[in-house]
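Final position of the sequence shown in the numbering used here is 337; the numbers increase by one with none missing.
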Amino acid sequence: MSDKDKDSNSSSESEKFTVDNIPGVGPAMAAKLRRAGFYTFESLAITSVNELSEYAEIGERTASRIIELARRQLDLQFQTADEVLVTRSNILKISTGSESFDTLLGGGVEARSITELFGEFRSGKTQVCLQLALTTALSESKGGVGASVLYIDTEGTFRPERIIQMGQRYGLSEDEQNEILKKIIVGRAHNTDHQIALVAEAGQLIPSKNIKLLIVDSLTSHFRSEYVGRGTLVDRQQKLNRHIHQLLRLSEIYDMAIVVTNQVAAKIDNLVGGSIAPIGGHIVAHSCTTRVYLRKSKADRRIARIIDSPHLPENETVFLVTKGGIEDIKGEYLEES
Ligand code: GTP
Ligand code: MG
């Protein structure tokens with residue numbers, strides 16, 4: 001069977017599992033669920049009653065019933081640890097363009113989880129995102145994934161020209177370049193509501209476009225500028241929490257990687273020491289699976305440090321941001337950082 005046949009089969013297979021086809025759920029309710037960002041059985045099956053009731057604006061009893069119906073259809077079950085191991089050994093990993101950075105991440109940016117890149121301005125967060133978008137769209141024969149990317153740009157810093165420039169390193173023809181740009185779908189988010197709506201919309205795009213990477217650059221900038229002052233902190237954190245869980249759900253349902261960026265702010269209680277902390281507090285800290293702290297070093301060098309991961313040691317490495325994108329430091333510099 002050709003890949004194309006496989007794709008069309010799997011998409012008609014996944015169509016069977018959309019909210020329009022849940023026995024007992026009528027068209028008006030299905031439309032309501034879709035508007036709230038729930039498109040598939042899986043998305044409902046892994047949602048809590050509270051969340052569904054709140055997002056879809058339906059009563060808790062109805063939400064509970066819908067979740068039960070979706071779960072029944074999917075036959076959700078437990079797995080033994082050896083089965084989990086097999087699932088994890090097949091997990092998609094996306095290259096950062098630098099071998100040492102990939103090694104630090106255990107082989108690359110992992111699917112089914114959220115990777116957070118945090119650091120000060122010019123630490124290279126956007127550059128790493130652009131490179132990851134390129135390696136995801138790049139064909140497998142050139143070391144890429146050959147899949148599509150959704151890029152949510154909140155700061156207006158997405159640059160297709162920079163992706164073309166980075167692509168030169170892989171010796172791409174003009175046709176190949178165009179193919180890659182067509183695989184990167186960009187949404188410009190102008191505020192937090194817009195950012196959240198784009199992610200809800202993504203639930204509809206992802207199954208039909210073979211999207212394996214979703215980038216939000218930056219996750220927190222709009223939240224930071226819209227919610228100013230102490231009195232607004234609780235609202236901001238609640239909304240951010242829902243947004244991150246919406247992303248985590250997509251990563252699990254569609255077996256895709258999520259990469260978000262985050263700035264840092266001076267810690268108020270620690271200003272004298274010049275200490276900094278990522279924005280978003282405990283909500284972001286606890287919800288992102290792998291946190292990577294990026295900082296600037298001499299010239300083109302950047303340092304990446306794993307801060308929090310369920311399976312990686314706290315460690316760091318040095319890489320370069322060059323004309324060609326994210327690259328390794330050659331030989332003689334390896335010992336320095
Ligand atoms: P903020 O979004 O402002 O928080 O910063 P960021 O962490 O996203 O920084 P970004 O990834 O935009 O990094 C910008 C830096 O990347 C620039 O200051 C340059 O040092 C470097 N850079 C960007 N393009 C090139 C390039 O073509 N060649 C080289 N050598 N460096 C580049
Ligand atoms: Mg940036």
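Each residue gets a CB set at the ideal place from its N, CA and C atoms; glycine is no exception.
Cβ-Cβ separation, residue j to residue i (assumed contact under 8 Å), whole Å
{"i": "E99", "j": "V292", "result": "Actually they are not in contact, since the Cβ atoms of E99 and V292 sit about 16 Å apart, beyond 8 Å."}
{"i": "S221", "j": "E155", "result": "6 Å"}
{"i": "I185", "j": "S148", "result": "6 Å"}
{"i": "V260", "j": "V216", "result": "5 Å"}
{"i": "T157", "j": "T126", "result": "5 Å"}
{"i": "S251", "j": "I114", "result": "6 Å"}
{"i": "V357", "j": "L240", "result": "In this structure the chain extends from 1 to 337, so residue 357 is not present and cannot be described."}
{"i": "I152", "j": "A189", "result": "6 Å"}
{"i": "Q177", "j": "G187", "result": "Their Cβ separation, rounded to whole angstroms, is 21 Å, which puts Q177 and G187 out of contact at 8 Å."}
{"i": "V25", "j": "L69", "result": "7 Å"}
{"i": "T96", "j": "L213", "result": "T96 to L213, Cβ: 12 Å. No contact."}
{"i": "R302", "j": "S64", "result": "Actually they do not touch by this definition, with Cβ atoms about 48 Å apart."}
Residue environment, residue i, which counts as buried when at least 16 other CB atoms sit within 10 Å
{"i": "L134", "result": "buried"}
{"i": "D193", "result": "exposed"}
{"i": "L85", "result": "exposed"}
{"i": "S89", "result": "exposed"}
{"i": "F121", "result": "exposed"}
{"i": "Q195", "result": "buried"}
{"i": "G325", "result": "buried"}
{"i": "K183", "result": "buried"}
{"i": "L233", "result": "exposed"}
{"i": "K330", "result": "exposed"}
{"i": "A28", "result": "exposed"}
{"i": "R159", "result": "exposed"}
{"i": "K323", "result": "exposed"}
{"i": "S309", "result": "buried"}
{"i": "R61", "result": "exposed"}
{"i": "A81", "result": "exposed"}
{"i": "A299", "result": "exposed"}
Proximal residues to residue i (C-beta, below 7 Å), its chain only, five neighbours per side dropped
{"i": "Y170", "result": "L138, K142"}
{"i": "I91", "result": "E110, A111, R112"}
{"i": "A304", "result": "F101, L104, V292, L294, E316, T317, F319"}
{"i": "S43", "result": "G203, R249, I253"}
{"i": "R162", "result": "L130"}
{"i": "A30", "result": "V19, D20"}
{"i": "G119", "result": "K125, V264, Y293, L294, R295"}
Endpoints, beta strand (DSSP E) assigned at residue i
{"i": "G187", "result": "184–188"}
{"i": "P278", "result": "276–278"}
{"i": "G119", "result": "113–119"}
{"i": "A257", "result": "257–262"}
{"i": "I22", "result": "Note, I22: premise wrong, no beta strand (DSSP E); not H, not E."}
{"i": "F319", "result": "316–322"}
{"i": "I326", "result": "325–327"}
{"i": "T290", "result": "290–296"}
{"i": "V149", "result": "148–153"}
{"i": "R230", "result": "From DSSP, R230 is part of no beta strand (DSSP E); its letter is neither H nor E."}
beta-carbon residue i near the ligand ATP non-hydrogen atom, thresh 8 Å
{"i": "L240", "result": "As presented, the structure is devoid of the ligand ATP, carrying the ligand GTP and the ligand MG as its sole ligands."}
Close beta carbons around residue i, own chain, < 6 Å, minus the five adjacent residues each side
{"i": "G107", "result": "K93"}
{"i": "D328", "result": "S98, E99, S100"}
{"i": "T289", "result": "S113, I114"}
{"i": "R71", "result": "A45"}
{"i": "G146", "result": "S139, E140"}
{"i": "Y227", "result": "R236"}
{"i": "K32", "result": "A56"}
{"i": "F223", "result": "T192, R236, L240"}
{"i": "H311", "result": "none"}
{"i": "F17", "result": "T40, F41"}
{"i": "V180", "result": "A quick correction: the sequence has Ile, not Val, at residue 180. Result list for I180: A137, in chain order."}
{"i": "G144", "result": "T135, L138"}
Cβ of residue i within 9 Å of any chain D Cβ
{"i": "H311", "result": "Chain labels in this structure do not include chain D; a single protein chain is all it has."}
Span of the alpha helix (DSSP H), counted from its first residue to its last, around residue i
{"i": "N49", "result": "It is Val, not Asn, that sits at residue 49 in the sequence shown. Where V49 is concerned, the enclosing alpha helix (DSSP H) stretches over 49–56."}
{"i": "K125", "result": "125–137"}
{"i": "A70", "result": "60–74"}
{"i": "D82", "result": "81–89"}
{"i": "D102", "result": "99–104"}
{"i": "V234", "result": "233–253"}
{"i": "L205", "result": "192–209"}
Neighbourhood of residue i by C-beta distance below 8 Å, restricted to the same chain and skipping five residues each side
{"i": "G281", "result": "Q237"}
{"i": "S287", "result": "I114, N241, I244, H245, L248"}
{"i": "P313", "result": "I306"}
{"i": "L205", "result": "L150, I185, I211"}
{"i": "P23", "result": "L69, Q73"}
Using 8 Å as the Cβ pair cut-off and three pairs as the minimum, do the segment 47–54 and the segment 74–87 touch?
no
Across the segment 31–39 and the segment 51–61, are there enough close Cβ pairs to call them in contact, namely three or more that are closer than 8 Å?
yes
Count the CB pairs spanning the segment 275–295 and the segment 252–267 that are closer than 8 Å, and state whether there are at least three.
yes
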